[in-house]
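Quick note: the sequence shown uses my numbering, first residue -12, plus one each step. Ideal placement from N, C-alpha and C gives every residue a C-beta, glycine not left out. Since this is a predicted model, take the numbers as computed values, not measurements.
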Amino acid sequence: MGLKDVIVDLFQLDKDWTTRIVMGMLVLGVIWGLLGVIDSLMVRLDEAAWGLSANLIFTPQEYFAGITLHAERDLFGFAQQVIYAIFIYFTIKLLNIEPRAKWMLNLGFILINISMMLMEGPILIVPAAGFDNYFSATIWYYLSPLGIPGYSMYVVSPLFFWGWILLDAFTYIDGFWIVYHYYLASKNMKEKLPVPLVYFLMVTLMFMIGYSGVTAADVWDVLAFYHLVGLDPIANQIAFWIFGHAIVYMAWVPAVGALYLLIPMLANKPLYSDRMGRISALLYLIFSNNVPIHHLYMVNLPVALKLLQEVLTYSVVIPSMMTFFNLWATAKGANVNWNIITAWTVTSFAGAIAAGVTGIANATVSFDSIVHNTDWVVGHFHAMILWSIVPAAWAVLYIMITMMSGRMWFSRLMSWIHYIGYMIGTTLLIIGFELIGFYGVVRRAEIYPRVPGLIDAEVMATVGAIIAQLATLVWFLNLVMTLVKGRIIRTEGLSLLQIAGTVAASLEWPTELPLFAPSINFIKSHVSKYSTNKKALTSMIFIAILGGILIIASAFALAFAGNGYTIQTWIWIAILTLGIILSAVGSLKGMKSI
-12 MGLKDVIVDL FQLDKDWTTR IVMGMLVLGV IWGLLGVIDS LMVRLDEAAW GLSANLIFTP
48 QEYFAGITLH AERDLFGFAQ QVIYAIFIYF TIKLLNIEPR AKWMLNLGFI LINISMMLME
108 GPILIVPAAG FDNYFSATIW YYLSPLGIPG YSMYVVSPLF FWGWILLDAF TYIDGFWIVY
168 HYYLASKNMK EKLPVPLVYF LMVTLMFMIG YSGVTAADVW DVLAFYHLVG LDPIANQIAF
228 WIFGHAIVYM AWVPAVGALY LLIPMLANKP LYSDRMGRIS ALLYLIFSNN VPIHHLYMVN
288 LPVALKLLQE VLTYSVVIPS MMTFFNLWAT AKGANVNWNI ITAWTVTSFA GAIAAGVTGI
348 ANATVSFDSI VHNTDWVVGH FHAMILWSIV PAAWAVLYIM ITMMSGRMWF SRLMSWIHYI
408 GYMIGTTLLI IGFELIGFYG VVRRAEIYPR VPGLIDAEVM ATVGAIIAQL ATLVWFLNLV
468 MTLVKGRIIR TEGLSLLQIA GTVAASLEWP TELPLFAPSI NFIKSHVSKY STNKKALTSM
528 IFIAILGGIL IIASAFALAF AGNGYTIQTW IWIAILTLGI ILSAVGSLKG MKSI
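Rendered as structure tokens:
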């Protein structure tokens, strides 16, 4: 196989136009994602080095540039481009319509990838005091007027702001294209859109509404950069955060749409409540774009306005509760096989709940006054990304890649190595971030007090990042090998459900991982037995007694701890929690209460 054949397989150049443009977006998105991962690793290594040796690997400029590039590349070049690619593909395939205005998608594809290059902006154009002729180190973006001459001592290339303008243009060009094709399909439809497609349409509208604020801020920044207009930094920040908070939902709600697609399919059951799914989509759209002050609680703004934003932020809990009840009720009682698609779907569902709880806490003004702008906030957002958004994307991509390429995944073993390594790594990373936040360390702090617990948290986060990134490289290698050497199958005429079932069956738990096989076989062989016979009931009572013994034993671990900073304290809470779970489940199950 020559280089030409590899390129054809990688970009699917021998397929239909929709597949080609979508695969181009996916490939470029993954490339930007990998580059952003390298940026994040650079930041993590720098912080860990400071804690372990009081030395820095990188200069402050390189450190802050790494944060900026990580956010841009992973959130926009990767996440937004991949989300739009998935929407475009399923819009055409599931609605079964002929794509029109192809030039719009071609133009959008060019604009978003050029925008990433311009945001990096290491080109000297405007000589000025403090001008940065290196990668922009704006530490994300919202700290207006950072980077603008005449308003900031630190000045970046105007290409940074022009890159944002091109990103805005991509969002609206591709967004209008998607909405237009839903309009075309609706003219010939006798029934309502399926709920997953309702979510894809709703999130596209969410992007277009949410980007209104940042587009205004970007235009304002460019005009202020050239001294054509004045700049009000607080008003600019508020305009930006119309987008800045909505981006959380722009990134996450596609995962919710994916769950509406995947869970009924995996459970082989219809959605529990179609109406509830549609209403929750409407509520997500209403409550996602009107809370910019949520991120500006510490800015001198009216208290009444902040309290209103607090209430509006809580409101998003309503569609979330509706959604997770609906999906839980759909899956309840289903006989679901354990495969890689199921694993990522379950992870996305559970991860959204776990990560979302930390977000609700952020909405409370009193709590936010403690954790505001600390690494706790970073931990919350990364938990949403790494435990819900990305897992849902992988579940969809495992199906979508086979649909597009007509090839089965190259290695089942590699898919599970990726899953296990990724979950271990991201768990360490997120817990590390939130512990750092509890120590009161602000986000983007290159140096910090070198106290033992804080150093441990920094090292934990760094080790977790390395493990997760190595695991992701395994997935990337599996992806490339799939596109080039995967077993060819015929997908023409097959439904989405049939293709998903074929992929899922080929990616079930591998016997090549003997380390976990005994545990899984034990669970499989005992779960049903414990729930059906009298012997099982006796066993459950025994488990309850064991739980009680552990609760008593935990008191001894606490008594010998000495103080709250020893390992015995963690042993105490672990034993106590395990004892409570065993006694609760064992006693209620043994008494036929649950």
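With DSSP collapsed to three states, give me the class of Lys511. In the sequence shown, counting from the first residue as 1, residue 511 sits at position 524. Residue confidence for Lys511 is low, a pLDDT of 49 falling below 50, so the modelled location carries little weight; the figure read from the coordinates is stated next. In this structure, Lys511 counts as helix in the three-state DSSP scheme.
Inspect the CB distances between the region 390 to 405 and the region 473 to 484 and report whether three or more fall short of 8 Å. Between the region 390 to 405 and the region 473 to 484 there are three or more C-beta pairs closer than 8 Å, enough to call the two in contact.
Kindly indicate which residue of Val303, Ser541, Val364, Asn313 has the alpha-carbon position closest to the one of Met263. Residue mapping note: residue 263 aligns to position 276 of the sequence shown, counting from 1. Of the candidates Val303, Ser541, Val364, Asn313, the one whose C-alpha sits nearest the C-alpha of Met263 is Asn313.
How about Pro306 and Gly338: do their beta carbons lie closer than 8 Å? Position 319 of the sequence shown, counted from the first residue, corresponds to residue 306. Position 351 of the sequence shown, counted from the first residue, corresponds to residue 338. Going by C-beta atoms, Pro306 is not nearer than 8 Å to Gly338.
Do the region 416 to 425 and the region 435 to 446 meet, that is, are 3 or more Cβ pairs less than 8 Å apart? Touching, per the Cβ criterion.
Our contact map puts Ala487 next to Ile328 with C-beta atoms below 8 Å; I'd like the distance itself, whole angstroms only. Position 500 of the sequence shown holds residue 487. Position 341 of the sequence shown holds residue 328. Correct: roughly 7 Å between the Cβ atoms.
Rank Ile532, Gln67, Ala544 by C-alpha distance to the C-alpha of Ile568 and give the top, closest one. In the sequence shown, the residue the question calls residue 568 occupies position 581. For the residues Ile532, Gln67, Ala544, the minimum Cα distance to Ile568 belongs to Ile532.
Looking at the strands, I want to know which residues DSSP matches up with Gly95. Taking the first residue of the sequence shown as position 1, residue 95 is located at position 108. Assignment of beta-bridge partners to Gly95 by DSSP yields no partner.
Below 8 Å on the Cβ atoms is my contact criterion, and I expect Asp155 with Val190 to pass it. Report the Cβ-Cβ distance as a whole number of Å. Residue 155 sits at position 168 when you count from the first residue of the sequence shown. Residue 190 sits at position 203 when you count from the first residue of the sequence shown. Asp155 to Val190, Cβ: 17 Å. No contact.
Check the C-beta distance from Glu495 over to Asn326 and give it rounded, since I have them as a contact under 8 Å. For the purposes of this step, residue 495 is taken as the residue at position 508 of the sequence shown. For the purposes of this step, residue 326 is taken as the residue at position 339 of the sequence shown. In this structure Glu495 touches Asn326 by the C-beta definition: roughly 4 Å separates them, less than 8 Å.
Euclidean distance between Cα positions of Ala41 and Ile8: Start at 1 with the first residue of the sequence shown, and residue 41 comes out as number 54. Start at 1 with the first residue of the sequence shown, and residue 8 comes out as number 21. Pairing Ala41 with Ile8, the inter-Cα distance amounts to about 48 Å.
Contacts around Leu249, its chain only, beta-carbon distance under 6 Å, and the 5 residues preceding and following it disregarded: Position 262 of the sequence shown, counted from the start, is the residue given in the question as residue 249. Hits under 6 Å: Thr332, Ala382.
Can you find at least 3 beta carbon pairs, one from the region 402 to 413 and one from the region 425 to 440, that sit closer than 8 Å? With a cut-off of 8 Å, the region 425 to 440 and the region 402 to 413 do not count as touching, because too few Cβ pairs lie within range.
Please check the pair Ile386 and Val490, which I expect to be a contact at CB under 8 Å, by giving their CB distance rounded to whole angstroms. The sequence position of residue 386 within the sequence shown is 399, counting from 1. The sequence position of residue 490 within the sequence shown is 503, counting from 1. About 5 Å separates the two Cβ atoms, so the contact holds.
Which residues in the same chain as Ala350 place their Cβ atom closer than 7 Å to its Cβ, once the five residues preceding and following it in sequence are excluded? In the sequence shown, counting from the first residue as 1, residue 350 sits at position 363. Around Ala350: His281, Glu297, Thr300, Tyr301.
So does the region 448 to 466 actually touch the region 51 to 64, counting three or more Cβ pairs closer than 8 Å? Touching, no.
Just the C-alpha distance for Ala546 and Asn322, rounded to the nearest angstrom, thanks. Taking the sequence shown and counting its residues from 1, the one referred to as residue 546 is at position 559. Taking the sequence shown and counting its residues from 1, the one referred to as residue 322 is at position 335. Their backbone Cα atoms lie some 46 Å apart in a straight line.
Assuming Phe336 contacts Leu246 under a Cβ cut-off of 8 Å, what Cβ separation, rounded to an integer in Å, is found between them? For this step, residue 336 is matched to residue 349 along the sequence shown. For this step, residue 246 is matched to residue 259 along the sequence shown. Beta-carbon to beta-carbon, Phe336 and Leu246 are separated by about 6 Å, close enough to satisfy the 8 Å threshold.
Can you tell me which of the three DSSP states Thr46 falls into? As a working note, residue 46 is residue 59 in the sequence shown. Thr46: coil per DSSP, three-state reduction.
Counted within 10 angstroms of its Cβ, other Cβ atoms place Leu370 as buried (16 or more) or exposed: In the sequence shown, counting from the first residue as 1, residue 370 sits at position 383. In the sequence on display, residue 370 carries Ala and not Leu. By the 10 Å Cβ count, Ala370 comes out buried.
Go through the region 248 to 302 residue by residue and report every complete run of the beta strand (DSSP E) that reaches 3 residues or more, in order. As far as the region 248 to 302 is concerned, it has no whole beta strand (DSSP E) run of at least 3 residues.
How big is the Cα-Cα spacing for Thr519 and His232? The residue you call residue 519 lines up with position 532 of the sequence shown. The residue you call residue 232 lines up with position 245 of the sequence shown. For Thr519, the predicted model reports a pLDDT of 48, less than 50, meaning its position is unreliable; a value from the coordinates is still stated below. A direct Cα-Cα distance of roughly 49 Å separates Thr519 from His232.
Strictly by DSSP, which residues pair up with Glu495? Mapped onto the sequence shown, residue 495 falls at position 508. Per DSSP, Asn326.
Buried versus exposed call for Gly566 [16 or more other C-beta atoms within 10 Å across all chains shown]: For the purposes of this step, residue 566 is identified with residue 579 of the sequence shown, where counting begins at 1. When all chains shown are included, Gly566 counts as buried.
Short Cβ contact (8 Å threshold) for Pro652 with Pro132: As shown, the chain starts at -12 and ends at 581. That puts residue 652 outside it, with no answer to give.
Contact belief for Val429 with Asn360 at Cβ below 8 Å, rounded distance in angstroms: On the sequence shown, position 442 is the one that residue 429 refers to. On the sequence shown, position 373 is the one that residue 360 refers to. In this structure Val429 touches Asn360 by the C-beta definition: roughly 5 Å separates them, less than 8 Å.
Rounded C-beta distance between Ile152 and Asp205? I'm assuming under 8 Å. Within the sequence shown, residue 152 is the residue found at index 165, counting from 1. Within the sequence shown, residue 205 is the residue found at index 218, counting from 1. That belief holds up - the Cβ atoms of Ile152 and Asp205 are roughly 5 Å apart, short of 8 Å.
Just to confirm the assignment, what range does the alpha helix (DSSP H) spanning Lys177 have? Residue numbering aside, residue 177 sits at position 190 when the sequence shown is read from its first letter. From DSSP, Lys177 is part of no alpha helix (DSSP H); its letter is neither H nor E.
Three-way DSSP call (helix, strand, coil) for Val438 in this model: Along the sequence shown, one-based indexing puts residue 438 at 451. Look at Val438 here: in three-state DSSP terms it is coil, with no helix or strand label.
Gly64 and Met29 look like a contact to me (Cβ under 8 Å); what is the Cβ gap, rounded to whole Å? Counting from 1 along the sequence shown, the entry for residue 64 is found at position 77. Counting from 1 along the sequence shown, the entry for residue 29 is found at position 42. Going by Cβ atoms, the distance from Gly64 to Met29 rounds to 17 Å, so no, they are not a contact pair.
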